[in-house]
Amino acid sequence: PQGQKEWYITANAASVWSESDELLADYYQNAISSGLKWQITEDLLFDAKYTWQFSGDNHLDSLTMWFHDAFGFEQNGRNKQAKHQSQIHSEKYHINVENFNGETLNNALTAYLGYQLLQNEHHGISIGGTLYYKYVDSGPFVDESFQQSVQINYGYHNGNHHVNSTLGMSFLHNTEPLSQNAFESHYLMLGLGYEYR
Numbered sequence: 016p017q018g019q020k021e022w023y024i025t026a027n028a029a030s031v032w033s034e035s036d037e038l039l040a041d042y043y044q045n046a047i048s049s050g051l052k053w054q055i056t057e058d059l060l061f062d063a064k065y066t067w068q069f070s071g072d073n074h075l076d077s078l079t080m081w082f083h084d085a086f087g088f089e090q091n092g093r094n095k096q097a098k099h100q101s102q103i104h105s106e107k108y109h110i111n112v113e114n115f116n117g118e119t120l121n122n123a124l125t126a127y128l129g130y131q132l133l134q135n136e137h138h139g140i141s142i143g144g145t146l147y148y149k150y151v152d153s154g155p156f157v158d159e160s161f162q163q164s165v166q167i168n169y170g171y172h173n174g175n176h177h178v179n180s181t182l183g184m185s186f187l188h189n190t191e192p193l194s195q196n197a198f199e200s201h202y203l204m205l206g207l208g209y210e211y212r
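Positions in the sequence shown are counted from 1; adding 15 to them yields the numbering used here.
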């Protein structure tokens with residue numbers, strides 16, 4: 016409702032695994048976010064939040080491997096590595112980071128402003144823009160960067176069925192990745208979700 020403010024806090028833990036000809040990444044990532052959403056007018060939403068991401072030993076490898084086996088997904092080499100590691104390696108990009116449990120991966124402040132273009136019984140369309148500031152002052156992931164993004168959101172709701180989607184474009188400035196090599200100055204993102212209530 017118009018004028019309503021909502022404070023929130025979220026936490027999640029993930030097991031990150033990526034193996035290709037160019038990169039091996041095997042670590043745990045944890046994130047804690049807290050923010051405030053404010054429905055300024057009937058159509059205008061403001062959301063400001065702080066996120067801290069860090070690596071920690073969550074002991075999720077066994078659970079993740081079981082899940083892959085139970086549903087017939089490939090392990091993609093995960094079963095050939097020791098469990099509970101924190102490592103990122105790439106010969107191509109000259110990256111060799113190990114044993115970074117407890118290190119900060121990201122400190123970020125985000126401000127989002129969204130505008131509702133259409134809302135009726137079944138459909139909703141909104142657009143939004145985000146300003147994102149990242150600062151990590153120590154450890155192997157030292158970085159300071161500023162990004163902006165724009166997005167369009169679509170939602171469909173019919174009875175117990177809810178479908179939500181997002182299409183966005185992010186623009187990065189003044190950042191140096193771990194490798195000190197060239198990076199993409201923009202990224203395209205597509206998100207799709209289904210919920211049954």
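Each residue gets a CB set at the ideal place from its N, CA and C atoms; glycine is no exception.
Residue i - DSSP class collapsed to helix/strand/coil
i      : result
Lys52  : strand
Ser194 : Here the model assigns Ser194 a pLDDT of 48, short of 50, so the residue's position is not dependable, and the following value carries that caveat. Ser194 falls in the coil class under three-state DSSP.
Ala97  : coil
Ser137 : Reading off the sequence shown, one finds His at residue 137, where the question assumed Ser. Three-state DSSP puts His137 in coil, outside helix and strand.
Leu78  : helix
Tyr202 : strand
Residues near residue i by beta carbon distance below 8 Å, same chain, minus five either side
i     : result
Arg93 : Trp32, Glu34, Asp41, Asp76, Thr79, Met80 and His83
Asn27 : Asn45 and Ala46
Neighbourhood of residue i by C-beta distance below 6 Å, restricted to the same chain and skipping five residues each side
i      : result
Thr25  : Ser48
Gln102 : Asp41 and Glu113
Val157 : Val151
Gly129 : Leu60, Ser141 and Gly143
Leu133 : Ile140
Gln131 : Asp58 and Ser141
Gly206 : Thr181
In DSSP terms, what residue i is bridged to
i      : result
Trp32  : Asp41
His188 : Phe161
Gln166 : Gly143 and Gly183
Tyr108 : Looking at the DSSP assignment, Tyr108 forms no beta bridge with any residue, so it has no partner.
Asp62  : Lys52 and Tyr127
Ala46  : Asn27 and Gln68
Gln19  : For Gln19, which the question treats as bridged, DSSP gives no partner whatsoever.
Sub-8 Å separation of residue i and residue j beta-carbons
i      : j      : result
Glu106 : Pro155 : no
Tyr169 : Ile140 : yes
Thr181 : Gln163 : no
Tyr171 : Val165 : no
Ser224 : Leu120 : There is simply no residue 224 to check, as the chain begins at 16 and stops at 212 in what is shown.
Gln2   : Glu57  : In this structure the chain extends from 16 to 212, so residue 2 is not present and cannot be described.
Phe186 : His201 : yes
Tyr147 : Ala123 : yes
Asp62  : Tyr127 : yes
Neighbourhood of residue i by C-beta, 7 Å cutoff - its chain only, sequence neighbours within 5 removed
i      : result
Asn111 : His104
His99  : Asp72, His74 and Asp76
Leu203 : Met184
Lys64  : Ser48, Ser49, Gly50 and Thr125
His137 : Tyr171, His172 and Asn173
Buried or exposed by the 16-neighbour rule on C-beta atoms within 10 Å, applied to residue i
i      : result
Phe88  : exposed
Lys149 : buried
Leu51  : exposed
Gln68  : buried
Ser30  : buried
Tyr43  : buried
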